[in-house]
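Structure record follows, encoded as structure tokens.
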Amino acid sequence: MALPSFNWWGKGSHKGTPVVVTMENPNWSMVELEAPSESDFQTSTVTQEKARGKNAKQLTWVLLLKAHRAAGCLTSVASTLFSLGSTIRRRVISGQTDNNDSTPSTENKTVKTRFYNCIKAFLWLSLLLLGFEIAAYFKGWHFGAPKLQLQYIFTAPFGVRDLFDGLYTRWVLIRVGYLAPPLQFLANVCIILFIVQSLDRLVLCLGCFWIRFKKIKPIPKQDAIVDLEENGFFPMVLVQIPMCNEKEVYQQSIAAVCNLDWPKSKILIQVLDDSDEPTTQLLIKEEVHKWQQDGARIVYRHRVIRDGYKAGNLKSGMSYSYVKEYEFVAIFDADFQPAPDFLKRTIPHFKDNEDVGLVQARWSFVNKDENLLTRLQNVNLSFHFEVEQQVNGVFINFFGFNGTAGVWRIKALEESGGWLERTTVEDMDIAVRAHLHGWKFVFLNDVECQCELPESYEAYRKQQHRWHSGPMQLFRLCLPDIIRAKISMWKKFNMIFLFFLLRKLILPFYSFTLFCIILPMTMFIPEAELPAWVVCYIPATMSFLNILPTPKSFPFIVPYLLFENTMSVTKFNAMISGLFQLGSAYEWVVTKKSGRSSEGDLVSLVEKETKQQRGESEPNLDETKTDILREQKSRQTKHNRMYTKELALAFLLLTASARSLLSAQGFIRSVVDVNTGGLELGWLPNENFRQRGLAESSVHRLLSSRFRF
Numbered sequence: 001m002a003l004p005s006f007n008w009w010g011k012g013s014h015k016g017t018p019v020v021v022t023m024e025n026p027n028w029s030m031v032e033l034e035a036p037s038e039s040d041f042q043t044s045t046v047t048q049e050k051a052r053g054k055n056a057k058q059l060t061w062v063l064l065l066k067a068h069r070a071a072g073c074l075t076s077v078a079s080t081l082f083s084l085g086s087t088i089r090r091r092v093i094s095g096q097t098d099n100n101d102s103t104p105s106t107e108n109k110t111v112k113t114r115f116y117n118c119i120k121a122f123l124w125l126s127l128l129l130l131g132f133e134i135a136a137y138f139k140g141w142h143f144g145a146p147k148l149q150l151q152y153i154f155t156a157p158f159g160v161r162d163l164f165d166g167l168y169t170r171w172v173l174i175r176v177g178y179l180a181p182p183l184q185f186l187a188n189v190c191i192i193l194f195i196v197q198s199l200d201r202l203v204l205c206l207g208c209f210w211i212r213f214k215k216i217k218p219i220p221k222q223d224a225i226v227d228l229e230e231n232g233f234f235p236m237v238l239v240q241i242p243m244c245n246e247k248e249v250y251q252q253s254i255a256a257v258c259n260l261d262w263p264k265s266k267i268l269i270q271v272l273d274d275s276d277e278p279t280t281q282l283l284i285k286e287e288v289h290k291w292q293q294d295g296a297r298i299v300y301r302h303r304v305i306r307d308g309y310k311a312g313n314l315k316s317g318m319s320y321s322y323v324k325e326y327e328f329v330a331i332f333d334a335d336f337q338p339a340p341d342f343l344k345r346t347i348p349h350f351k352d353n354e355d356v357g358l359v360q361a362r363w364s365f366v367n368k369d370e371n372l373l374t375r376l377q378n379v380n381l382s383f384h385f386e387v388e389q390q391v392n393g394v395f396i397n398f399f400g401f402n403g404t405a406g407v408w409r410i411k412a413l414e415e416s417g418g419w420l421e422r423t424t425v426e427d428m429d430i431a432v433r434a435h436l437h438g439w440k441f442v443f444l445n446d447v448e449c450q451c452e453l454p455e456s457y458e459a460y461r462k463q464q465h466r467w468h469s470g471p472m473q474l475f476r477l478c479l480p481d482i483i484r485a486k487i488s489m490w491k492k493f494n495m496i497f498l499f500f501l502l503r504k505l506i507l508p509f510y511s512f513t514l515f516c517i518i519l520p521m522t523m524f525i526p527e528a529e530l531p532a533w534v535v536c537y538i539p540a541t542m543s544f545l546n547i548l549p550t551p552k553s554f555p556f557i558v559p560y561l562l563f564e565n566t567m568s569v570t571k572f573n574a575m576i577s578g579l580f581q582l583g584s585a586y587e588w589v590v591t592k593k594s595g596r597s598s599e600g601d602l603v604s605l606v607e608k609e610t611k612q613q614r615g616e617s618e619p620n621l622d623e624t625k626t627d628i629l630r631e632q633k634s635r636q637t638k639h640n641r642m643y644t645k646e647l648a649l650a651f652l653l654l655t656a657s658a659r660s661l662l663s664a665q666g667f668i669r670s671v672v673d674v675n676t677g678g679l680e681l682g683w684l685p686n687e688n689f690r691q692r693g694l695a696e697s698s699v700h701r702l703l704s705s706r707f708r709f
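If you count by UniProt numbering, then the sequence shown holds residues 1 to 709, one letter each, in order.
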């Protein structure tokens, strides 16, 4: 049975060879197909060639457009780099570097540049070595080449070899025989110190976890609370506010202290002003006089001879005869704002605890979210209070006094020798001496006192320099007293090894030496190795533990790692200065305040206070706001400074990372096994593998004769 045929190629008839398909199944029919003709193939080919030509033109235009955009991008990058270079050159010429500061410095300029010169020398050496490695690659240098085998190094005359070959091969021999062994030894020492310090930090974190799990915290005796609330027994308290040229924040601290919830007859406030600016002195005097008219017991004291910095200022405040009438002294720096119930939450801990000499409150920060620098500072200080201070306070009743937001028993101060001006960390000094005399300390993690973090890197760097150089000065002075003290061996071990050596000396030493010097040098001296767990895993774990007290800071863990690496320069320099009594060890610079909290918290505080006590809030409030705005506008706009030590270290690490990246990609590889004499030096993809065995055996024999492995 035949069915009509179907035309598969269009309406027109086509000439071609017919194809007949026969199906054996009776349910199917036969279909006649016509194959395409040669003209159809020719027409299709022409159409495809036209389309291909059109696509080629379009692709050419697209590529030209992309090339134009790339050229524009390169031009903009080049102009940006040129302008950046011009800016850097202009800053350097004009002196806008870290060596230029409006604050007078007592640091010797020779001492100040010595550390920078050391870092700069390492930088230039690393650049030279990186250039050697790249030049060796492009010259096709490797030990498989006959002219560069080690036999040739010792036997061939110098004139036959070119200068580069001679220098580079000699460098390899010196590196293997003389540089790698001491570098590996120093790396091993730093690794041991790193492990010990990491274990100490881990133990502190476990102690903090135990405190939270068991809900351990200092609780005052019930009798002390009853005496305050029901019997009205309030001991005499002296409050001291030391300040020096801090016109941005003096109002907020004075206002907060004058609003403490304590009977006015039982409290006296001393404003200890060391300002040398007449305008600042006048402003502080007027503020004190204003609160005196409102009934506050507050006095203004100004020293004529300003010796001893903050320690001398506090000592002068304790020298007045009326101080004998007071039992406790609370200390607040100029930017601290205690809550009204601060004394009611701290003083009861002294009741019936005659061996308690200090009650320390925790700091909280009004500007912790101001910028990236304040966020990273908040991570460090939160760990310091939440973990270090709290664990030491609970388990051993000793920690370093923070210099502010604390209440001292005056008897403890007097028995410990009072304030001494011998170091720049007078707070740690008095804490150590009080502990040696048997006094115990209490840390209250749930009592917070608001303060302000430095918002500029310059201010923060000077603060950290003082905080890390002072402990080393104190360690030199207190070591004989600690050894002779009549305390237990455990307390002596804790104070000497844990408190001073491990946390104040070893930590900045290995942080800078291991990660900023040894690690980059191992990139250029690969025979000295650092395990991956030292470079990566343990630092990441320790950073994770540091951020645990501030969970909201986890997105900043990478900037935190880089920030700590950068600050290791300042901390190491300060530690060395304090340990060896260099010129900058006794440098004291007051941390600059921005007065952030005075814009909001102070205004609200003044509004509340004036409505309750003064009754004439509007003029005073307007005056306060005007003063705040005037102070904000009067600040001089400063250029962003260039910090040469930090920049030199950054370029050193960048050079080392470039060397590591090239090595990982197989661009440069040069490793000599100093233990077996085996050689893997620059084996390039096009090397002659047949000569590798001869080269390795020759190297082993010659190195063994030259250097005693």
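Just so you know, even glycine gets a beta-carbon here, dropped at the ideal spot from N, CA and C.
Give the secondary structure of residue i by DSSP, where H, G and I count as helix, E and B as strand, and everything else as coil.
| i | result |
| --- | --- |
| N231 | coil |
| I269 | strand |
| G567 | Looking at the sequence shown, residue 567 is not Gly but Met. Three-state result, M567: helix. |
| D427 | helix |
| D274 | coil |
| E370 | coil |
| P520 | helix |
| G418 | coil |
| K440 | strand |
| L59 | helix |
| W262 | coil |
| F241 | Before going on, a small fix: residue 241 reads as Ile here, not Phe. Correct three-state label for I241: strand. |
| F475 | helix |
| F572 | helix |
| V77 | helix |
| A485 | coil |
| A339 | coil |
| Y326 | coil |
| residue 712 | Past the boundaries of the shown model lies residue 712; the chain is included only from 1 to 709, so the question cannot be answered. |
State yes or no: is the C-beta of residue i within less than 8 Å of the C-beta of residue j?
| i | j | result |
| --- | --- | --- |
| A121 | A528 | no |
| T513 | Y116 | no |
| N259 | P340 | yes |
| Y326 | I410 | yes |
| M567 | S198 | no |
| N494 | K217 | no |
| K264 | G295 | yes |
| T591 | V379 | no |
| L272 | L238 | no |
| E448 | E370 | no |
| V589 | E452 | no |
| F328 | P242 | no |
| P471 | K504 | yes |
| D429 | A224 | no |
| M521 | S660 | no |
| L123 | A648 | yes |
| G403 | V442 | no |
| F563 | L381 | no |
Within 10 angstroms of its Cβ, does residue i collect 16 or more other Cβ (buried), or is it exposed?
| i | result |
| --- | --- |
| F213 | exposed |
| E388 | buried |
| E230 | exposed |
| F209 | exposed |
| T75 | exposed |
| F336 | buried |
| T60 | exposed |
| K462 | buried |
| H68 | exposed |
| residue 712 | The structure shown does not extend to residue 712, since the chain spans only 1 to 709, so no value can be given for it. |
| M30 | With a pLDDT of 48 at M30, under the threshold of 50, the predicted position of this residue should be treated as unreliable, and no value is reported. |
Can you give the beta carbon distance from residue i to residue j, rounded, assuming they're within the 8 Å contact cut?
| i | j | result |
| --- | --- | --- |
| E248 | S594 | 6 Å |
| S126 | A540 | Not a contact, Cβ separation roughly 25 Å. |
| Q251 | E287 | 6 Å |
Is the CB of residue i under 8 Å away from at least one CB in chain B?
| i | result |
| --- | --- |
| S253 | Of the chains in the structure shown, none is chain B; there is only one protein chain. |
Inset, instruction - Give a yes or no on contact between the segment 569-588 and the segment 490-510, applying the rule of three or more CB pairs nearer than 8 Å. - result: yes
Inset, instruction - For the segment 200-207 and the segment 545-560, state whether three or more C-beta atom pairs, one from each stretch, are separated by less than 8 Å. - result: yes
Legend entry - Touch test, the segment 312-323 against the segment 400-418, Cβ-Cβ under 8 Å, three pairs minimum: yes
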